[in-house]
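Asker: In the UniProt record's numbering, the protein residues as written are 1 to 171.
1. Between residue 44 and residue 107, which are expected to be in contact by the criterion C-beta below 8 Å, what is the C-beta distance as a whole number of angstroms?
2. Compute the Euclidean distance between the alpha carbons of residue 100 and residue 117, then round it to the nearest angstrom.
3. Which residue comes first and which comes last in the alpha helix (DSSP H) that contains residue 68?
4. So, under 8 Å CB-CB, residue 123 and residue 152 are touching, yes? Tell me the CB distance rounded to an integer number of Å.
5. Would you give the residue range spanned by the alpha helix (DSSP H) that residue 98 belongs to?
6. Quick one: what does DSSP say residue 137 is sitting in, helix, strand or coil?
7. Measuring only the C-alpha atoms, how far is residue 53 from residue 159?
8. I need the straight-line Cα distance from residue 94 to residue 37, nearest angstrom please.
9. By Cβ distance below 8 Å, which residues in the same chain neighbour residue 2 in space, the five residues on each side in sequence not counted?
10. Given this structure, state the Cα-to-Cα distance separating residue 143 from residue 63, to the nearest angstrom.
11. In the DSSP assignment, find the unbroken alpha helix (DSSP H) run with residue 103 in it and report its ends.
12. Is residue 119 buried or exposed, if buried means 16 or more other CB atoms sit within 10 Å of its CB?
13. Would you tell me roughly how many angstroms separate the C-alpha atoms of residue 91 and residue 84, rounded to the nearest one?
14. Run the CB neighbour count on residue 96, radius 10 Å, all protein chains shown included, and call it buried at 16 or more, exposed below.
15. Output yes or no for whether 8 Å exceeds the beta carbon distance between residue 26 and residue 82.
16. Rounded to a whole number of angstroms, what is the C-alpha to C-alpha distance between residue 12 and residue 134?
Okay, here's the thing in structure tokens:
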């Protein structure tokens, strides 16, 4: 991988820099891919609360992409994505779910499951990025990434709440 920062020599824990950049590019791709997936998941959700949650997360994901661009700029890099194979696979699984479950109640429960798998991947990704940014003393990047991490955790909690109050219980 090419040198990706001008100030790398003076950076604490510089050995993590290339990994940090690689993970940033991966999560940028993941967020962009997720936009398409969220639109489709929202269109398939039968419960209004779930549809709204997907629509709200779509808007939030657009903000995550903009925030990632700020993170790249904060470490003197251009925002460039690399193909996120994990998100592609998670969204392919969500596609399968949407094709295989026709009963609205079961489909909503399955959509929540698929969405939470995505959220857990994002939580893991952002958690690592926050750690790397802190270790390298990229304070602005760490703050921006942590803001997104907290939003991903909130989305996961909201999906759990919808599952327990609406989707996974007999009406």
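Ideal Cβ positions, reconstructed from N, Cα and C, are used throughout, including at glycine.
Answerer: If we stick to the structure as given:
1. Here residue 44 is taken as the residue at index 44 of the chain shown, counted from 1. Here residue 107 is taken as the residue at index 107 of the chain shown, counted from 1. The pair is a contact, with the Cβ atoms about 6 Å apart (cut-off 8 Å).
2. The residue labelled residue 100 in the question sits at position 100 within the chain shown. The residue labelled residue 117 in the question sits at position 117 within the chain shown. About 18 Å.
3. Here residue 68 refers to the residue found at position 68 when the chain shown is read from its first residue. Element bounds for residue 68: 48-74.
4. Walking along the chain shown from the start, residue 123 turns up at place 123. Walking along the chain shown from the start, residue 152 turns up at place 152. Confirmed, about 5 Å.
5. In the chain shown, the residue the question calls residue 98 occupies position 98. It spans 85-100 - the alpha helix (DSSP H) in which residue 98 sits, taken as one unbroken run.
6. Numbered from its first residue, the chain shown carries residue 137 at position 137. Three-state DSSP puts residue 137 in coil, outside helix and strand.
7. What you label residue 53 is simply residue 53 of the chain shown in a count that begins at 1. What you label residue 159 is simply residue 159 of the chain shown in a count that begins at 1. Cα-Cα distance, rounded: 8 Å.
8. Numbered from 1 along the chain shown, position 94 holds the residue referred to as residue 94. Numbered from 1 along the chain shown, position 37 holds the residue referred to as residue 37. Each residue's alpha carbon lies about 8 Å from the other.
9. Numbered from 1 along the chain shown, position 2 holds the residue referred to as residue 2. Here the model assigns residue 2 a pLDDT of 39, short of 50, so the residue's position is not dependable, and the following value carries that caveat. Nothing meets the Cβ criterion.
10. Taking the chain shown and counting its residues from 1, one reaches residue 143 at position 143. Taking the chain shown and counting its residues from 1, one reaches residue 63 at position 63. Cα to Cα, residue 143 sits roughly 15 Å from residue 63.
11. Looking up residue 103 in the chain shown gives position 103. No alpha helix (DSSP H) holds residue 103; DSSP gives it neither H nor E.
12. Here residue 119 is taken as the residue at index 119 of the chain shown, counted from 1. It is buried - the Cβ of residue 119 has at least 16 other Cβ atoms within 10 Å.
13. For this step, residue 91 is matched to residue 91 along the chain shown. For this step, residue 84 is matched to residue 84 along the chain shown. Between residue 91 and residue 84, the C-alpha separation is close to 11 Å.
14. On the chain shown, residue 96 is found 96 positions in, with the first residue counted as 1. Answer is exposed; the Cβ neighbour count stays below 16.
15. If you number the chain shown from 1, residue 26 lands on position 26. If you number the chain shown from 1, residue 82 lands on position 82. Yes, the Cβ-Cβ distance between residue 26 and residue 82 is below 8 Å.
16. Translated into the one-based positions of the chain shown, residue 12 becomes position 12. Translated into the one-based positions of the chain shown, residue 134 becomes position 134. One C-alpha to the other measures close to 10 Å.
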